[in-house]
Amino acid sequence: MTASGFSTALGTFTGQNYGANQWGRIQKGFFITIGIAGCIGLISTLLFVFAGEHIFGLFINNSENDVAKMGIVYLMILGFSQIFMSIEITATGAFNGIGRAVPPAVVG
């Protein structure tokens, strides 16, 4: 969800600066936004990989061990993709802002 918000903001920012032919601002805003989204993705990755058991424990009681084990494995798999997914979703906004919607549609 956070990456989608950054994507929307970056798309608007990029579109405005693209119209004003401010490529330096687009580049600076892109890398700052990607950096922030990457940090949030890294935090999500670390939480899902190393604290998945505690996160799942909030929703599943101890009597459902098989479900909890599968959920922990799922969070580990999901965790490794979070940082990349955050960057990909955020970068989609920059492409949409300059009117190039095809590359993110093919990739994502």
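So for the sequence shown, the UniProt record's numbering puts the first residue at 1; every next one is plus one. Cβ atoms here follow ideal geometry from the backbone N, Cα and C, with glycine treated the same way.
Which residue spans inside the region 46-73 form an unbroken alpha helix (DSSP H) run of at least 4? 52-57
Buried versus exposed, by CB contacts within 10 Å (16 or more), residue 27: Indexing the sequence shown from 1 puts residue 27 at position 27. Result: exposed.
Would you call the region 82-93 and the region 19-39 in contact, with 3 or more CB pairs under 8 Å? yes
Hey, residue 13 and residue 33: beta-carbon distance below 9 Å or not? The count along the sequence shown starts at 1 and reaches residue 13 at position 13. The count along the sequence shown starts at 1 and reaches residue 33 at position 33. It is a contact, given that the beta carbons lie within the stated cut-off.
Return helix, strand or coil for residue 96, following the three-state DSSP convention. Here the question's residue 96 lines up with position 96 in the sequence shown. Three-state result, residue 96: helix.
Answer with yes or no whether the minimum CB distance from residue 95 to chain B is below 9 Å. No chain B is part of this structure, which consists of one protein chain only.
Can you tell me where the alpha helix (DSSP H) holding residue 3 begins and where it ends? The count along the sequence shown starts at 1 and reaches residue 3 at position 3. Looking at the DSSP string, the run of the alpha helix (DSSP H) that includes residue 3 is 2-19.
Simplified DSSP state of residue 101, which is helix, strand or coil: Indexing the sequence shown from 1 puts residue 101 at position 101. Coil, per DSSP.
Identity of the residue in 99, 106, 103 nearest residue 17 by Cα: If you number the sequence shown from 1, residue 17 lands on position 17. Considering only alpha carbons, the answer is 99.
Exposed unless 16 or more other CB atoms sit within 10 angstroms - verdict on residue 89: Taking the sequence shown and counting its residues from 1, one reaches residue 89 at position 89. It is buried - the Cβ of residue 89 has at least 16 other Cβ atoms within 10 Å.
Inter-residue CB distance, residue 93 and residue 8 (contact presumed, cutoff 8 Å): Taking the first residue of the sequence shown as 1, we reach residue 93 at position 93. Taking the first residue of the sequence shown as 1, we reach residue 8 at position 8. Between residue 8 and residue 93 the Cβ distance is about 6 Å, and since that is below 8 Å, they are a contact.
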